[in-house]
Amino acid sequence: MKVGYLQTLILGIESSCDETAAAVVAGGRHIQSSVVASQLDTHVKYGGVVPELASREHLRAIVAVVRQALENSSVDFPSLNAIAVTAGPGLVGSLLVGVTYAKALCFAQKIPLIAVNHVEGHIHSVLLENPEIQFPALALVVSGGHTHLFEVKAMGHYRLLGKTRDDAAGEAYDKVAKLLGFGYPGGPIIDKLAPYGNPRAVKFTLAKMKGNELDFSFSGLKTAVLRWTEQNDIKAETAHRRALKNPNLADLRAATSQTTLDLLASFQQTVIDELLRHTTLAADQMGAESIIVAGGVACNAGLRAQAKRTGFAYCFPSPQLSTDNAAMIAAAAYSKFLRKDFAGFDLKAQASLMLA
Ligand code: KG4
Ligand code: ZN
C-alpha cells in the first residue's frame, strides 16, 4: 500500500454515462489512482452517446478498470474501507453496471457500500483540490446533462437555486457541433476554434425567462444557430468537415470559413455570458464566499478566463477532474463514510436522482 499513514481508503466507481471509471482516494482527498476508460470511439460515429452501446461497453470494461485502479494505487481489496458508486442521475443501463458490480464487491469483501449522487461528485472534484474553500459557496454544475446552480451552505448541504429548463450547456455545444459537422463531443472543438472568430459578430438574443430568474434555457440558442445555417450558405463546408477522417484542430480550422468561425465564437460567448450572468446574480443574492464550477463545460478555456475577470473567487477543477471520473465519487463518499451513511444491497440505479 502506497499511503504510509493510516487513512480511510475508498474505491470509487463511476459509470453514469459514457466513461467507465474507478479510483482509489485516501482520506477523502488524496488520489492514489484514477482510471477512466472512455467510450468515445464507440459513440463518435453516431454523434452522441447511444445508451444501449454505453451499457455494453461498461460491462466489457468495468472489471479491468477497477483492477487497474487497485494496481496503480498498490491497494488490494482487503485494504479498502468502503466502495462508493454513482447511483444517479444518468443513463439507467449504464448506472446499473456500476451499481451491480459495486454491490457484488462489497458483498464479497464484507465492506460498506456508499451511494453517491453524480452531481455531488462533480462538486467534490473541486472541493477535493481546494480544501480551504470558504462557505457558503455557490456551485455551478455544467456538463452534457446538467446546468444547475446550488447553494452549498456547508459540505453536504445543498439547495437548488436554478437549473436549465431544456438543454444543458454541454448538450447545446454537442448539438451545435453536430449540426455544423464538427463531430462529438462538441465542447472541446468549439472551445479550441472560438478564439479564431469574432465573439460579437452574430448577436443572439435569448428569450427572457418567466419565473425563476436563475433558471437557464439553451434550446433557443440551438434553434438560432439552426436558423443561421439556413441563412448562410455553409452546406458545402459542413459536408466537407463531416467527411474528414479523425481530423485534428488544424484540419478543422482549414475546413472552416471565417463566417463559421465567427458563429462559433459568438455561440460560445453567448453561453459564457449566460453562465456568468446567472452565477454572478446568484452569488450576490446568497452572499457567496466562493464559486465552484464543475462538470465537463468547466474545461472551457473562455469560461475560465472570463470568470477570473469578474473579481469573484472562482474555483475550477483541474481538466482531468472536470469530466467524468471516479476520484470525485470516492471523495464525495468520504463524509458519508464518517457518518456511516451506507447503502443497502437494495440500492437502485436512479436515472433522475435529485441532489436537492
Ligand atoms: O461531465 P461530463 O464529462 O459528462 C456529463 O456528466 O455530461 O461532460 C461532458 C460535456 C459534453 O457535453 C462536452 O461537450 C462538454 O462537457 N465539454 C465542454 C468542454 N469540454 C467538455 N464544453 C465546453 N468547452 C469545453 N472545453
Ligand atoms: Zn458528469
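Heads up, the sequence shown is in the numbering used here, so the first residue is 45 and it goes up one at a time.
By construction, the Cβ of each residue, glycine as well, lies at the ideal position given by its N, Cα and C atoms.
These numbers come from a predicted model, not from an experiment.
* **With 16 other Cβ atoms within 10 Å as the buried cut-off, status of T249** => exposed
* Asked: Going by the beta-carbon positions, is the gap between A131 and V143 smaller than 9 Å?
  -> yes
* Asked: What residue from L288, A332, Y145 and L293 has the CA that sits closest to I177's CA?
  -> A332
* Asked: Where D235 and P229 are concerned, what is the direct C-alpha to C-alpha distance, given to the nearest angstrom?
  -> 11 Å
* Asked: Which same chain residues, not among the five before or five after H168, have their C-beta less than 6 Å away from its C-beta?
  -> M372, A375 and A376
* Asked: Does the Cβ-Cβ distance between V110 and I57 come in under 9 Å?
  -> yes
* **Per-residue burial, Y217 [other beta carbons within 10 Å of its own, 16 or more giving buried]** => buried
* Compute the Euclidean distance between the alpha carbons of Y90 and L205, then round it to the nearest angstrom. => 34 Å
* To do: For the stretch 82–113, list the beta strand (DSSP E) runs that are entirely contained and at least 3 residues long, ordered along the chain.
  => none
* Asked: Tell me, which residues are paired with Y358 by DSSP?
  -> I335
* To do: Verify the contact flag: G230, CB atom, against every heavy atom of the ligand ZN, threshold strictly below 8 Å.
  => no
* To do: Check whether the stretch 174–194 touches the stretch 328–348, taking contact to mean three or more Cβ pairs, one atom from each stretch, closer than 8 Å.
  => yes
* Asked: How would the residue list near the ligand ZN read, in chain order, if you kept each one whose beta-carbon is closer than 5 Å to any heavy atom?
  -> S187 and D368
* Asked: Given V119, which residues of its chain have a CB within under 7 Å of its CB, disregarding the five upstream and five downstream residues?
  -> M45, L53, V68 and Q76
* To do: Count the C-beta pairs between the stretch 243–260 and the stretch 301–321 that are closer than 8 Å, then say yes if the count reaches three, no if not.
  => yes
* Beta carbon of P291 nearer than 9 Å to that of A280 -> no
* Would you call the stretch 160–175 and the stretch 320–328 touching, i.e. three or more CB-CB distances under 8 Å? -> no
* Asked: How would you call L84, buried or exposed, if buried means at least 16 neighbouring beta carbons within 10 angstroms?
  -> exposed
* For N174, the nearest candidate out of S379, P361, Q394 and L391 (CA to CA) -> P361
* Nearest-angstrom Cα distance between T303 and W272? -> 11 Å
* Please report the residue range of the beta strand (DSSP E) in which T130 lies. => A126 to G132
* Asked: Which class does H190 belong to by DSSP, given the choice of helix, strand or coil?
  -> coil
* For T208, which residues from the same chain have a beta carbon less than 8 Å from its beta carbon, with the 5 sequence-adjacent residues on both sides left out? -> H190, T191, H192, D259, F260, S261 and F262
* Can P95 and S396 be called in contact, C-beta distance under 9 Å? -> no
* For my contact list, V79 and A126 are in at a C-beta cut-off of 8 Å; report their separation, rounded to the angstrom. => With a Cβ gap of about 18 Å, V79 and A126 do not count as contacting.
* Between the C-alpha atoms of L237 and Q51, what's the straight-line distance to the nearest angstrom? -> 44 Å
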